[in-house]
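Asker: Handing you this structure, nothing more for now.
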Amino acid sequence: MKEQLRQIVVGLTIGVLITGSIMGTGLMLGSMQGWLVIIWPDESVLSQVWHWIYSNMKESIFAFLLVFLLWVYKIRTLRHQLKQGGDLKSISYSEHMVDVFAGVFFGIGVIFTAIGMRSALMESLGGLDAEAAAEQGAFVMLQKLVDGGILLALSTTIVGGIGGYLMRVFKSIYLGELLHAFYFEKQNQSETAVLEKLDAIERHLANVTRHQG
């Protein structure tokens, strides 16, 4: 009963987090597109934190958040299946999806790194020849790189790389023992089934030999 209650609470919590994140993402996207107007209190901590995150991550934060929430959902599903003694097919698929979402999280960092670098180079060097670039000076070029997306490239590299590896490490710590026990049990069942078939064949051959004798 306690275990069922705990699963219900965890499921509701994850559902609320996913729903809230989706709603928050929709509000932020609507605000950036001009469809909605969100009024922040002046100099509020929340507005400062959001401004810092968005200035470094841009729209990649929404992709990271979506994939992370899907990863959380699948890893909880996998743990529930392991606890309930699920079948090999469903557990293997859930584990595969957990690894896929961790890989996608890392891949988002790589993709937005390329996007940020391209945008920064286009902003700083687009339409300039060597003489025009020299006239602008190093500081102006650096400022254009920053405004063009170099912060996005560096930030998404860090978040995607560290986040992707931490997700794999967390999976090993959180589910490693359960997964090892599950696959070890399945392997023993397979070996036992093979041995039983071999014993049955041996008994059958013994009976045939005895009858022929």
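Heads up, my numbering is the position in the sequence shown plus 1028, with the first residue counted as 1. Yeah, the Cβ is synthetic: ideal placement off N, Cα and C, and Gly gets one too. Here the structure is a predicted model, which is why all the values come from computation and not from measurement.
So for K1086, helix, strand or coil by DSSP?
Answerer: As a working note, residue 1086 is residue 58 in the sequence shown. Here K1086 sits in coil by DSSP.
Asker: Can you tell me whether G1123 is buried or exposed, with buried defined as 16 or more other CB within 10 angstroms of its CB?
Answerer: Counting from one through the sequence shown, the residue named residue 1123 turns up at place 95. The displayed chain sequence assigns Glu, not Gly, to residue 1123. E1123 is buried by the Cβ-count criterion.
Asker: Any idea if G1137 is buried or exposed, counting beta-carbon neighbours within 10 angstroms, 16 or more meaning buried?
Answerer: Your numbering for residue 1137 matches position 109 in the sequence shown. Per the 10 Å Cβ criterion, buried.
Asker: Grouping DSSP H, G and I as helix and E and B as strand, with all else coil, what is G1113?
Answerer: Reading the sequence shown from its first residue, position 85 is the one you call residue 1113. Three-state DSSP puts G1113 in coil, outside helix and strand.
Asker: Apart from the five residues on each side of it in sequence, which residues of its chain come closer than 7 Å, Cβ to Cβ, to E1087?
Answerer: Taking the sequence shown and counting its residues from 1, one reaches residue 1087 at position 59. Closer than 7 Å at Cβ, skipping near neighbours: no residue.
Asker: So F1096 and G1192 are supposed to be a Cβ contact under 8 Å. How far apart are they, rounded?
Answerer: By 1-based counting over the sequence shown, the position of residue 1096 is 68. By 1-based counting over the sequence shown, the position of residue 1192 is 164. No, F1096 and G1192 are not in contact; Cβ-Cβ is about 10 Å, not under 8 Å.
Asker: Count the other C-beta atoms from every protein chain shown that fall within 10 angstroms of the C-beta of S1147, then say buried if there are 16 or more, exposed otherwise.
Answerer: Walking along the sequence shown from the start, residue 1147 turns up at place 119. Per the 10 Å Cβ criterion, buried.
Asker: Identify which residue in L1094, M1125, F1090 has its Cα closest to the Cα of R1107.
Answerer: Your numbering for residue 1107 matches position 79 in the sequence shown. Of the candidates L1094, M1125, F1090, the one whose C-alpha sits nearest the C-alpha of R1107 is M1125.
Asker: Can you check whether the CB of G1135 is closer than 9 Å to the CB of A1181?
Answerer: Position 153 of the sequence shown, counted from the first residue, corresponds to residue 1181. Position 107 of the sequence shown, counted from the first residue, corresponds to residue 1135. Not closer than 9 Å, so no.
Asker: Just to confirm, are K1199 and D1127 a CB contact at a threshold of 9 Å?
Answerer: What you label residue 1199 is simply residue 171 of the sequence shown in a count that begins at 1. What you label residue 1127 is simply residue 99 of the sequence shown in a count that begins at 1. Yes. Within cutoff.
Asker: When you compare each of I1178, G1113, F1210 to A1142 by their alpha carbons, which one comes out closest?
Answerer: By 1-based counting over the sequence shown, the position of residue 1142 is 114. Cα-wise, what sits closest to A1142 is I1178.
Asker: For a quick check, are the C-beta atoms of M1085 and T1184 less than 9 Å apart?
Answerer: The count along the sequence shown starts at 1 and reaches residue 1085 at position 57. The count along the sequence shown starts at 1 and reaches residue 1184 at position 156. Yes.
Asker: Who are the Cβ neighbours of R1196 in its own chain at under 8 Å, not counting the five residues just before and after it?
Answerer: On the sequence shown, residue 1196 is found 168 positions in, with the first residue counted as 1. D1127, A1130.
Asker: Measuring straight from C-alpha to C-alpha, what distance separates L1206 and Q1171?
Answerer: Counted from its first residue, the sequence shown places residue 1206 at position 178. Counted from its first residue, the sequence shown places residue 1171 at position 143. Between L1206 and Q1171, the C-alpha separation is close to 51 Å.
Asker: Quick check: what's the CA-CA separation for F1090 versus I1081?
Answerer: By one-based count along the sequence shown, residue 1090 stands at place 62. By one-based count along the sequence shown, residue 1081 stands at place 53. Each residue's alpha carbon lies about 11 Å from the other.
Asker: With 16 other CB atoms within 10 Å as the buried threshold, where does G1188 fall?
Answerer: Against the sequence shown, residue 1188 aligns to sequence position 160. Buried is the call here.
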